[in-house]
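*Asks:* In short: position in the sequence shown from 1, add 1, done, that's the working numbering.
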Amino acid sequence: MRMMMRFSIPVERGNEAFQDGSLGQVIQAVIAETQAEAAYFMLEGGERAGYIFFDLEDVALLPKLNEMMFAALDAAIDVVPALTFDDLKRGLSS
Numbered sequence: 002m003r004m005m006m007r008f009s010i011p012v013e014r015g016n017e018a019f020q021d022g023s024l025g026q027v028i029q030a031v032i033a034e035t036q037a038e039a040a041y042f043m044l045e046g047g048e049r050a051g052y053i054f055f056d057l058e059d060v061a062l063l064p065k066l067n068e069m070m071f072a073a074l075d076a077a078i079d080v081v082p083a084l085t086f087d088d089l090k091r092g093l094s095s
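1) Could you give the distance in angstroms between the alpha-carbon of residue 59 and the alpha-carbon of residue 42?
2) Would you report the Cα separation of residue 11 and residue 74, rounded to the nearest angstrom?
3) Considering Cα atoms alone, identify which of 67, 91, 94 and 83 is closest to residue 38.
4) Express the C-alpha separation of residue 51 and residue 24 in angstroms, rounding to a whole number.
5) Assuming residue 50 is part of the beta strand (DSSP E), what are its boundary residues?
6) The alpha helix (DSSP H) with residue 23 in it runs from where to where?
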């Protein structure tokens, strides 16, 4: 199932992670672990934020992904299913 992970990183912790080099390392590790099909990064509410889209075959991967972001970056995280327009059309035609 295609999932969307939205995350935001508090400014102070993000600054520390940027300076010690862990910011990019953690995000790169999450992208590699999920084999993300797309990732976008922006500012939201004055904090570093991003959206990572990936296919989830085993829900047991979620705790690992979440903990990577929680422990290293104090990130706030939401993970939700994400449908393409074709998925939506298929679902509505059932």
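All residues carry an ideal CB built from backbone N, CA and C; glycine is no exception.
*Replies:* Result, derived from the coordinates:
1) 25 Å
2) 8 Å
3) 83
4) 12 Å
5) 48-56
6) 23-35
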